[in-house]
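Q:
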């Protein structure tokens, strides 16, 4: 057990040694101020470029299959909502004004949406149709996803993966551990370093997304009705979105507590 603890500690140590401390966004009215550790050899530009290539491939495949929706009323609807949210992004992150933002609607029954590094947004018709989303509820989802991109949660996760891999390789040489022990050490490191941050990242995206939507003129209370709809939708076979964005009473409570902080921004935007 002592060796496993040493491997876990080494993982954290190597991660920190190869990382730089950053805060990717300003705190905003919601006060997201957590310092992040990014692998110094993995730049924002590199991650954005890697994701842009993957995104274009996905869009090309969707177009070939005839499921890339560029002309429907819903496609125009999400473009308008995205434009309003994107206009507010530089408040949290000034350099996002130079990002090559894209938003596309995919015709699919899947309940899913995401915004990858560099501002590449995908939204699925299943979310709109099955949950009967209002514009403000779409803004709540999209704002949340945009927040993940602004905070570079993807690069942060990749940085942790690098640290864990470095630790496994280094630990094997230092301690002569077998594969089973290394696998256990990997589990310890993942649990100790990744799981808490993934929950924290979700909360950050909730809060920043709430403020983005409010500043864009969308009622922040829609975040509550959205997650209530999500919770109901997950009672049967959980949708894909819920596998990475689990709904919970604590999430809704956190959003409710933050709404008074952003309501003046919404009221100002509506004038």
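Numbering (mature numbering (1 follows the signal peptide of the UniProt record, and there is no 0)), first residue to last: -17 to -1, 1 to 254.
Glycine included, every Cβ here is placed at the ideal spot set by N, Cα and C.
1) In or out: residue 63 buried (at least 16 other Cβ within 10 Å) or exposed?
2) Leaving out five residues before and five after residue -9 in sequence, what residues of the same chain have Cβ atoms less than 7 Å from its Cβ?
3) How about residue 93 and residue 109: are their beta carbons less than 7 Å apart?
4) Just to confirm my understanding: we take residue 75, look at its own chain, exclude 5 residues before and 5 after, and list those with CB closer than 7 Å. What are they?
5) Taking all protein chains shown into account, do 16 or more other C-beta atoms lie within 10 angstroms of the C-beta of residue 6, making it buried, or fewer, making it exposed?
6) What residues are listed by DSSP as bridge partners for residue 51?
7) Curious, which full-length alpha helix (DSSP H) runs of at least 4 residues does the segment 75 to 149 contain?
8) Using DSSP bridges, identify the partner residues of residue 20.
9) By the three-class DSSP mapping on this structure, what secondary structure does residue 202 have?
10) Are the Cβ atoms of residue 84 and residue 102 separated by less than 7 Å?
11) Spatial neighbours of residue 186 within its chain, please: C-beta separation below 7 Å, excluding the five flanking residues on both sides.
12) Just to confirm before moving on: does the CB-CB distance between residue 127 and residue 45 stay below 7 Å?
13) Do the segment 191 to 208 and the segment 232 to 248 touch if we need at least three Cβ pairs shorter than 8 Å?
14) Use the C-beta contact count for residue 241: other C-beta atoms within 10 angstroms, 16 or more gives buried, fewer gives exposed.
15) Applying the 10 Å Cβ sphere with the 16-neighbour rule, what's the burial state of residue 137?
16) Return the Cβ separation of residue 20 and residue 142 in integer angstroms, given the expectation that the two are a contact with Cβ distance under 8 Å.
17) For the structure I just gave you, are there three or more beta carbon pairs, one from the segment 112 to 124 and one from the segment 211 to 219, closer than 8 Å?
18) With a 10 Å radius around its C-beta and 16 neighbouring C-beta atoms as the bar for buried, classify residue 105 as buried or exposed.
19) By a C-beta neighbour count over all protein chains shown, 10 Å radius and 16 as the cutoff for buried, is residue 174 buried or exposed?
20) Name the residue from 88, 4 and 67 whose alpha carbon lies nearest to the alpha carbon of residue 57.
21) Does residue 218 come out as helix, strand or coil in the three-state DSSP assignment?
22) Give me the Cα-Cα distance between residue 119 and residue 95, rounded to the nearest whole angstrom.
23) By how many angstroms is the C-alpha of residue 97 removed from the C-alpha of residue 125?
24) Just reading off the alpha helix (DSSP H) that residue 244 is part of, what are its end residues?
25) Can you tell which of 41, 4 and 123 has its C-alpha closest to the C-alpha of residue 23?
A: By the coordinates alone:
1) Within the chain shown, the letter at position 80 stands for residue 63. With fewer than 16 other Cβ atoms within 10 Å, it is exposed.
2) Working through the chain shown from its first residue, we reach residue -9 at position 9. Per-residue confidence for residue -9 stands at a pLDDT of 44, beneath the threshold of 50, marking its modelled position as unreliable; the derived number appears in the next sentence. Taken in chain order, the list of residues that qualify is empty.
3) For this step, residue 93 is matched to residue 110 along the chain shown. For this step, residue 109 is matched to residue 126 along the chain shown. Closer than 7 Å, so yes.
4) Mapped onto the chain shown, residue 75 falls at position 92. Result list for residue 75: 8, 9, 11, 133 and 191, in chain order.
5) Here the question's residue 6 lines up with position 23 in the chain shown. Counting Cβ neighbours within 10 Å, residue 6 comes out exposed, since fewer than 16 surround it.
6) As a first step, residue 51 must be located in the chain shown, where it is residue number 68. Per DSSP, 89.
7) 108 to 114 and 118 to 133
8) Position 37 of the chain shown, counted from the first residue, corresponds to residue 20. DSSP lists 4 as partners of residue 20.
9) For the purposes of this step, residue 202 is taken as residue 219 along the chain shown, with counting starting at 1. Correct three-state label for residue 202: coil.
10) The residue given as residue 84 occupies position 101 in the chain shown. The residue given as residue 102 occupies position 119 in the chain shown. Against a cut-off of 7 Å, the Cβ pair of residue 102 and residue 84 comes out as a contact.
11) Reading the chain shown from its first residue, position 203 is the one you call residue 186. Contacts found: 237.
12) By one-based count along the chain shown, residue 127 stands at place 144. By one-based count along the chain shown, residue 45 stands at place 62. No; because the gap between Cβ atoms is not below 7 Å, this pair is not in contact.
13) yes
14) Numbered from its first residue, the chain shown carries residue 241 at position 258. The residue is buried, with at least 16 neighbouring Cβ atoms inside 10 Å.
15) The residue labelled residue 137 in the question sits at position 154 within the chain shown. Per the 10 Å Cβ criterion, buried.
16) Position 37 of the chain shown, counting from 1, holds the residue named residue 20. Position 159 of the chain shown, counting from 1, holds the residue named residue 142. With 8 Å as the limit, residue 20 and residue 142 qualify as a contact, their Cβ atoms being about 6 Å apart.
17) yes
18) As a first step, residue 105 is located in the chain shown; it is residue number 122 there, counting from the start. Residue 105 comes out buried.
19) Position 191 of the chain shown, counted from the start, is the residue given in the question as residue 174. Only weak support exists for where residue 174 lies, its pLDDT of 36 falling under 50; the coordinates are left without a value.
20) Mapped onto the chain shown, residue 57 falls at position 74. Closest option to residue 57, Cα to Cα, is 88.
21) Residue 218 sits at position 235 when you count from the first residue of the chain shown. Here residue 218 sits in coil by DSSP.
22) Translated into the one-based positions of the chain shown, residue 119 becomes position 136. Translated into the one-based positions of the chain shown, residue 95 becomes position 112. Their backbone Cα atoms lie some 17 Å apart in a straight line.
23) Position 142 of the chain shown, counted from the first residue, corresponds to residue 125. Position 114 of the chain shown, counted from the first residue, corresponds to residue 97. About 7 Å.
24) As a working mapping, residue 244 is identified with position 261 in the chain shown. Run containing residue 244: 232 to 252, per the alpha helix (DSSP H) assignment.
25) Indexing the chain shown from 1 puts residue 23 at position 40. Residue 23 has its Cα closest to that of 4, out of 41, 4 and 123.
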